[in-house]
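Just so it is clear: in the sequence shown, position 145 is 151 by the numbering used here, and no numbers are missing. Every residue gets a Cβ at the ideal spot worked out from N, C-alpha and C, and that includes glycine. Structure record follows, encoded as structure tokens.
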Amino acid sequence: MCLIAWAVGMSSRWPLVIAANRDEYWARPTLPMAPWTTRSGQRITSGRDGQTGGTWMGMTPAGRIAFLTNVREAGGLDPLWRSRGELVTRWLEGLDSSAEDLVRALQSGARGGREFGGFNLVLGDVATGEWHWVSNRLDGARVPPELWPSRRLAPGVYGVSNAALNTPWPKTVQLTATLADALTCSDTSAQLEAALWSALASRVRCTPHQLPNTGVPQATELALSSVCVDFPEMAYGTRSSTVLIASAPQGQVNRSTPWAVSVEEHTHAAGATSTVQRLATTWQGI
Numbered sequence: 007m008c009l010i011a012w013a014v015g016m017s018s019r020w021p022l023v024i025a026a027n028r029d030e031y032w033a034r035p036t037l038p039m040a041p042w043t044t045r046s047g048q049r050i051t052s053g054r055d056g057q058t059g060g061t062w063m064g065m066t067p068a069g070r071i072a073f074l075t076n077v078r079e080a081g082g083l084d085p086l087w088r089s090r091g092e093l094v095t096r097w098l099e100g101l102d103s104s105a106e107d108l109v110r111a112l113q114s115g116a117r118g119g120r121e122f123g124g125f126n127l128v129l130g131d132v133a134t135g136e137w138h139w140v141s142n143r144l145d146g147a148r149v150p151p152e153l154w155p156s157r158r159l160a161p162g163v164y165g166v167s168n169a170a171l172n173t174p175w176p177k178t179v180q181l182t183a184t185l186a187d188a189l190t191c192s193d194t195s196a197q198l199e200a201a202l203w204s205a206l207a208s209r210v211r212c213t214p215h216q217l218p219n220t221g222v223p224q225a226t227e228l229a230l231s232s233v234c235v236d237f238p239e240m241a242y243g244t245r246s247s248t249v250l251i252a253s254a255p256q257g258q259v260n261r262s263t264p265w266a267v268s269v270e271e272h273t274h275a276a277g278a279t280s281t282v283q284r285l286a287t288t289w290q291g292i
């Protein structure tokens, strides 16, 4: 996942909204969003990487949710790194009672989280109201585990791409602003969805002076600067787009009121029509 905007607790009608694009090489095998069962028996709904089995965004019937992005950094991938998608699955399997427990387990492990490439990881639990962000990079650089940026997230509108949380890259600002405006201005879920799908499809690139400097060539920075990435020179681009909307009946957000959750994912392939997966479920909100 390479660009995500989400709103938590900012609307009594829609207590959770997520809009996300995942960018990847076209040739990398990918399974679309679908329910599946882990070895431990946990039911998860997510897309999956067909090469490593990891996932970039997923949720459970009980309302645990997680998503991640990579941190952009110069240089190739270390072949010894484990799949960052394992972190999403770990949270969804319930191996840690809280986000803080998961972070501490990573930091105190044998390799102190160094077995993973740079990541932003967002963990949520609708049943407890807990939301947390953690990264193993600080200003794009590797740092010891005790220096990892990590914090609980209060109600708000957030955005993350391939840098730290709320880093004001133009595409992150654009998608986050669209989400905030749509929450305020939409009269119906259909209007909210339409605004988010339009934003996720934007291929408008930055001007050169707006580009971040992450250590990759400027031509690459430019190609990756749009919300929806199309980079044919590298056979790379946005592979899937996802919108999740949790609705609270009559705008009542409390423990006794279940949320109606709708998720729609569009899976893209080079030169082919996008396929669509839809899921509807309920979560017990807080």
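Over what stretch of residues does the alpha helix (DSSP H) that includes residue i continue unbroken?
{"i": "residue 224", "result": "224-229"}
{"i": "residue 98", "result": "91-99"}
Which value, in whole angstroms, describes the spacing of the CA atoms of residue i and residue j?
{"i": "residue 90", "j": "residue 190", "result": "34 Å"}
{"i": "residue 156", "j": "residue 136", "result": "13 Å"}
{"i": "residue 239", "j": "residue 104", "result": "42 Å"}
{"i": "residue 31", "j": "residue 245", "result": "8 Å"}
{"i": "residue 99", "j": "residue 284", "result": "22 Å"}
{"i": "residue 223", "j": "residue 170", "result": "20 Å"}
{"i": "residue 267", "j": "residue 150", "result": "38 Å"}
{"i": "residue 278", "j": "residue 198", "result": "27 Å"}
{"i": "residue 59", "j": "residue 80", "result": "25 Å"}
{"i": "residue 210", "j": "residue 72", "result": "28 Å"}
{"i": "residue 101", "j": "residue 69", "result": "15 Å"}
{"i": "residue 177", "j": "residue 271", "result": "20 Å"}
{"i": "residue 204", "j": "residue 46", "result": "38 Å"}
{"i": "residue 48", "j": "residue 174", "result": "36 Å"}
{"i": "residue 286", "j": "residue 125", "result": "29 Å"}
{"i": "residue 33", "j": "residue 133", "result": "38 Å"}
{"i": "residue 140", "j": "residue 275", "result": "31 Å"}
{"i": "residue 97", "j": "residue 106", "result": "11 Å"}
{"i": "residue 54", "j": "residue 281", "result": "15 Å"}
{"i": "residue 180", "j": "residue 92", "result": "29 Å"}
Where does residue i fall in DSSP's three states?
{"i": "residue 179", "result": "helix"}
{"i": "residue 32", "result": "coil"}
{"i": "residue 271", "result": "strand"}
{"i": "residue 197", "result": "helix"}
{"i": "residue 264", "result": "strand"}
{"i": "residue 185", "result": "helix"}
{"i": "residue 109", "result": "helix"}
{"i": "residue 26", "result": "strand"}
{"i": "residue 254", "result": "coil"}
{"i": "residue 217", "result": "coil"}
{"i": "residue 42", "result": "strand"}
{"i": "residue 114", "result": "helix"}
{"i": "residue 204", "result": "helix"}
{"i": "residue 190", "result": "helix"}
Inspect the beta-carbon positions of residue i and residue j and report whether they are closer than 8 Å.
{"i": "residue 214", "j": "residue 228", "result": "yes"}
{"i": "residue 10", "j": "residue 165", "result": "yes"}
{"i": "residue 264", "j": "residue 289", "result": "yes"}
{"i": "residue 232", "j": "residue 206", "result": "no"}
{"i": "residue 42", "j": "residue 50", "result": "yes"}
{"i": "residue 235", "j": "residue 146", "result": "no"}
{"i": "residue 14", "j": "residue 127", "result": "no"}
{"i": "residue 64", "j": "residue 37", "result": "no"}
{"i": "residue 217", "j": "residue 202", "result": "no"}
{"i": "residue 4", "j": "residue 167", "result": "The question about residue 4 has no answer here: the residues shown for the chain are numbered 7 through 292."}
{"i": "residue 252", "j": "residue 21", "result": "yes"}
{"i": "residue 112", "j": "residue 119", "result": "yes"}
{"i": "residue 122", "j": "residue 87", "result": "yes"}
{"i": "residue 138", "j": "residue 129", "result": "yes"}
{"i": "residue 163", "j": "residue 182", "result": "yes"}
{"i": "residue 39", "j": "residue 269", "result": "yes"}
Just to check, is the beta-carbon of residue i closer than 7 Å to a non-hydrogen atom of the ligand FMN?
{"i": "residue 31", "result": "Because no ligand of any kind appears in the structure shown, any question about the ligand FMN cannot be addressed here."}
Which residue comes first and which comes last in the beta strand (DSSP E) that contains residue i?
{"i": "residue 76", "result": "70-76"}
{"i": "residue 154", "result": "That residue, residue 154, is in no beta strand (DSSP E); it is neither H nor E in DSSP."}
{"i": "residue 290", "result": "278-290"}
{"i": "residue 11", "result": "9-14"}
{"i": "residue 49", "result": "49-55"}
{"i": "residue 59", "result": "No beta strand (DSSP E) contains residue 59, which DSSP labels as neither H nor E."}
{"i": "residue 166", "result": "162-166"}
Do we get a CB-CB distance below 8 Å when we pair residue i with the residues of chain D?
{"i": "residue 194", "result": "Any reference to chain D falls outside this structure, which holds one protein chain only."}
Can you list, in chain order, the stretches of the beta strand (DSSP E) that have 3 or more residues and sit fully within the stretch 120-151?
Correct list: 125-131, 136-141.
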